[in-house]
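As structure tokens, the structure follows; a few thoughts come after it.
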Amino acid sequence: MATEVENAQVAGDVTAPVAQDNPLLQPSALQYQAPDFNQIKDSHFEPAFEQGMSEHLREIQAIIDNPEPASFNNTIVAMEQAGSLLTRVSRIFFNLVGSDSNEERRALQSKLAPMLAAHSDSIYLNADLFARVEALYKQRVTHEMDAESTRLLEEYYDKFVKAGAKLNAEQKVTLRALNEEHSKLTTEFSQNLLKLSKAIAVVVEDKSELEGLSDSEIKAAAEAAADAGHEGKYLISITNTTRQPVLTSLKNRELRQRIWEASAYRGTSGELDNRPLVKRMAQIRAQKADLLGYENWAEYQLTSTMAKKPENVFSMLNSMVPAVVSNTKAEQADIQAMVAQEGGDFDVQAWDWAYYAEKVRQAKYDLNESEVREYFEFNRVLHDGLFYTMNRLFGIRFEPRPDLPVYHPDVQAFELFDHDGKSLAIFYADYFAREGKRGGAWMSSFVGQSGLLEQKPVVVNVMNIPKGPEGEPTLVSFDNVTTMFHELGHGLHGMFSNVRYPSLAGTSVSRDFVEFPSTFQEDWASNPEVLANYAYHYKTGKAIPAELLEKVLKAKNFNMGFDTLEYMSAALLDMEWHSLPADAPQQDVEKFEADALAKHGVDLAAVPPRYKSTFFAHSMGGGYSAGYYAYMWSEILAADAFAYLGERGGLNRKNGDWYRKNILEVGNSRAPMESFVKFRGQEPTTEALLIRRGLKQKEEG
Numbered sequence: 001m002a003t004e005v006e007n008a009q010v011a012g013d014v015t016a017p018v019a020q021d022n023p024l025l026q027p028s029a030l031q032y033q034a035p036d037f038n039q040i041k042d043s044h045f046e047p048a049f050e051q052g053m054s055e056h057l058r059e060i061q062a063i064i065d066n067p068e069p070a071s072f073n074n075t076i077v078a079m080e081q082a083g084s085l086l087t088r089v090s091r092i093f094f095n096l097v098g099s100d101s102n103e104e105r106r107a108l109q110s111k112l113a114p115m116l117a118a119h120s121d122s123i124y125l126n127a128d129l130f131a132r133v134e135a136l137y138k139q140r141v142t143h144e145m146d147a148e149s150t151r152l153l154e155e156y157y158d159k160f161v162k163a164g165a166k167l168n169a170e171q172k173v174t175l176r177a178l179n180e181e182h183s184k185l186t187t188e189f190s191q192n193l194l195k196l197s198k199a200i201a202v203v204v205e206d207k208s209e210l211e212g213l214s215d216s217e218i219k220a221a222a223e224a225a226a227d228a229g230h231e232g233k234y235l236i237s238i239t240n241t242t243r244q245p246v247l248t249s250l251k252n253r254e255l256r257q258r259i260w261e262a263s264a265y266r267g268t269s270g271e272l273d274n275r276p277l278v279k280r281m282a283q284i285r286a287q288k289a290d291l292l293g294y295e296n297w298a299e300y301q302l303t304s305t306m307a308k309k310p311e312n313v314f315s316m317l318n319s320m321v322p323a324v325v326s327n328t329k330a331e332q333a334d335i336q337a338m339v340a341q342e343g344g345d346f347d348v349q350a351w352d353w354a355y356y357a358e359k360v361r362q363a364k365y366d367l368n369e370s371e372v373r374e375y376f377e378f379n380r381v382l383h384d385g386l387f388y389t390m391n392r393l394f395g396i397r398f399e400p401r402p403d404l405p406v407y408h409p410d411v412q413a414f415e416l417f418d419h420d421g422k423s424l425a426i427f428y429a430d431y432f433a434r435e436g437k438r439g440g441a442w443m444s445s446f447v448g449q450s451g452l453l454e455q456k457p458v459v460v461n462v463m464n465i466p467k468g469p470e471g472e473p474t475l476v477s478f479d480n481v482t483t484m485f486h487e488l489g490h491g492l493h494g495m496f497s498n499v500r501y502p503s504l505a506g507t508s509v510s511r512d513f514v515e516f517p518s519t520f521q522e523d524w525a526s527n528p529e530v531l532a533n534y535a536y537h538y539k540t541g542k543a544i545p546a547e548l549l550e551k552v553l554k555a556k557n558f559n560m561g562f563d564t565l566e567y568m569s570a571a572l573l574d575m576e577w578h579s580l581p582a583d584a585p586q587q588d589v590e591k592f593e594a595d596a597l598a599k600h601g602v603d604l605a606a607v608p609p610r611y612k613s614t615f616f617a618h619s620m621g622g623g624y625s626a627g628y629y630a631y632m633w634s635e636i637l638a639a640d641a642f643a644y645l646g647e648r649g650g651l652n653r654k655n656g657d658w659y660r661k662n663i664l665e666v667g668n669s670r671a672p673m674e675s676f677v678k679f680r681g682q683e684p685t686t687e688a689l690l691i692r693r694g695l696k697q698k699e700e701g
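Numbering (the UniProt record's numbering), first residue to last: 1 to 701.
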């Protein structure tokens, strides 16, 4: 069914009277059913969900009651067509909860979570419905179906089985209870993180403590404090990772420690303590996996991925640990030497790393991050960087659509046109940080592509770039520039989708493949031709000097040991949580983390995991449980693919069209590795990844 949304499977058999003026009850009249945010009110969501769940169940029951023998059309295609209202309201609601939340939306999210879980169970645990799917699956070799239809049937069968369709009645009761509790806990975890982002912001009394920040950054901190009711003070917002960008510049060591601790220890005390939720969620997942016949949650999750088994993930990560740790310790030695050179008499700590690493980088490359930002003005990066690159690769263009309503004034709407002038999609750009938006960066869809449903995609990219002070331009770090390219890679995966069935469209691929098209696009940010088109000083309009650009590119892999280790530590922590057996007791969170890191030899005190368990949204609150490794797995594919196109001439339409045809257009209509091999001609190797991360030199010649 085309009823899955980023953070929830839609579900619940509730009926209720619905006002006829509810704009959610009918497809939007705007182009490609783009939501009419001018008409949608929060009060519209609950009745629309109730009617959507009721209609969906009636449609499912009609499939079950069909007296005709099960056929692909009257069962599988019928399920693909079912639930349109529920899909529509779910996509809009959950996108807004993530990017523009408020108390009313969060309260409704909490109320809906168990209802949606129950609704999903009422479908996937229905024995009569599964009997029809199973009959078709067993006869699939005798049916004359095209490859995409066969793929869809197999995906449905696997989904039903993994949802518990083969369990007995008593086991299904147990599973329903676990699913309901789990949905409540993941919702509470995610909402706690949203509340914590405001609660743990650091308020600074004295401007002198902010030495090292630019005038613009200090002004922005003063404005943020005033907005939060701290007139005359300065507010430092905490981003979603353990590491905080501001630590690169702040000279005051006590303030650095205070900021780092606010980040690292969030969700470990008070009303927003996430530790009980982490303990129980890990236990629930293990119990659910056991009920379904798996040793642990990781094994359950990985059956439908490229990795297939947990041991393959552990093997991939552990094989890199010695080189990465060695590299990181060498970086730490350089940083410790800089501490001594600056007159410091202390061992480098986690809150010191970024500050002194920046000094080491400046000493090695004579590179000032604040100076670099002046060449990356947001609008220029967007139009002359991202959009220019995608035009060179695919011939596409993004045209502003100010007539389309948006859900926040910071959001921009665009229409995507193909090289032949054909309209392809609507794209929303939501790049700036604000209260009510969860941390991080992501892509999602308001409308998914489908030939069957005659739908074109409506896609959104969301980030948390600090916005420039009122009346001043927004200057973007090179890391954020790269992330903009990354997220548009996801966006194009959704917007270029050209498949028949909605369940197989766009980014509906395995977790360890979905990050490939996004990571692939990152390296265009540092392509010489691309840089020459967008890296201009925001005041003078002069191109970035060749000498400075050379420093930027040389420094790209600086601190890569740290970057890789903090990521791998989080990925290993995620895998360890989800390798617990069902009979394991609830864990002490801090002890479990320490033991997991020590087990794999990644326990460097100055380099904590990118996310700790209590704010690890990917692992605990989102859809990446036992899947955070996917970024590294996908990077292997991306690095290999990018190097391959480099050998074929790099940035040109021929390469872009080939990549689009074999990767971006096909969604999950065939196995991911099959798509990669069709594009690349062979399976990937890790050589390009090692070169990309500066762990191996590229051989010339």
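For each residue, glycine too, the CB sits at the ideal point set by N, CA and C.
Just so we're clear, the structure is a prediction, and the values are computed from it rather than from any experiment.
For residue 643, the enclosing alpha helix (DSSP H) covers residues 630-647. Per DSSP, residue 387 lies in no beta strand (DSSP E) and is assigned neither H nor E.
Residues of the same chain with a CB within less than 8 Å of the CB of residue 489, apart from the 5 flanking positions on each side, are 517, 518, 519, 520, 521, 522 in chain order. Contact between residue 286 and residue 584 holds: CB atoms are separated by about 6 Å, below the 8 Å threshold. Distances from the alpha-carbon of residue 77 to those of 688, 502, 372, 683 put 502 closest.
Contiguous alpha helix (DSSP H) elements confined to the region 251-300 occur at 253-264, 275-291, taking only those with 4 or more residues.
The residues 238, 242, 244, in chain order, have a CB closer than 6 Å to that of residue 263 in the same chain once the five nearest residues on each side in sequence are set aside. Going by DSSP, residue 533 is part of the alpha helix (DSSP H) stretching over 528-534. If you ignore the 5 residues before and after residue 289, its C-beta comes within less than 6 Å of the C-beta of 296, 297, 300, all in its own chain and listed in chain order. Of all alpha-carbon atoms in 411, 420, 417, the one lying nearest the alpha-carbon of residue 432 is that of 411. In the DSSP annotation of this structure, residue 26 is not part of any alpha helix (DSSP H), being labelled neither H nor E. Between residue 314 and residue 572, the alpha-carbon positions lie close to 8 Å from each other. When only Cα atoms are considered, residue 95 and residue 86 end up about 14 Å apart. Listed as beta-bridge partners of residue 462 by DSSP are 430, 442.
Residue range 103-124 is occupied by the alpha helix (DSSP H) that includes residue 105. Residue 23 and residue 622 have their C-alpha atoms roughly 29 Å apart. For residue 555, there is no enclosing alpha helix (DSSP H), as DSSP marks it with neither H nor E. The alpha-carbon separation between residue 650 and residue 656 amounts to approximately 9 Å. DSSP places residue 94 inside the alpha helix (DSSP H), whose first and last residues are 84-99. For a cut-off of 8 Å, the C-beta gap from residue 676 to residue 637 is around 6 Å, short enough to register as a contact. DSSP places residue 396 in the coil class of the three-state scheme, outside both helix and strand. Of all alpha-carbon atoms in 214, 604, 507, the one lying nearest the alpha-carbon of residue 322 is that of 604.
Looking at the DSSP output, residue 417 shares a beta bridge with 397, 423. Fully enclosed alpha helix (DSSP H) runs of no fewer than 4 residues occupy 147-163 of the region 144-185, in order along the chain. With fewer than 16 neighbouring CB atoms inside 10 Å of its own CB, residue 208 falls in the exposed class. Classified as exposed, residue 173 has fewer than 16 neighbouring CB atoms from the shown chains inside 10 Å of its CB. A distance below 7 Å between beta-carbons, with the five flanking residues on each side excluded, links residue 686 to the following residues of its chain, in chain order: 636.
Look at residue 450 here: in three-state DSSP terms it is strand. Inclusion of residue 642 and residue 662 in the CB contact set at 8 Å is not warranted, their separation being larger than that value. The three-state secondary structure of residue 543, taken from DSSP, is strand. Distance between residue 681 and residue 455, taken at the CA atoms: about 32 Å. Counting only the Cα atoms, residue 439 lies some 28 Å from residue 694.
DSSP, read as helix, strand or coil, puts residue 203 in strand.
In the same chain as residue 653, and ignoring 5 residues on each side of it, the C-beta atoms closer than 8 Å to its own belong to 392, 393, 394, 395, 419, in chain order. Residue 572: not part of any beta strand (DSSP E); member of the alpha helix (DSSP H) spanning 560-577, first to last residue.
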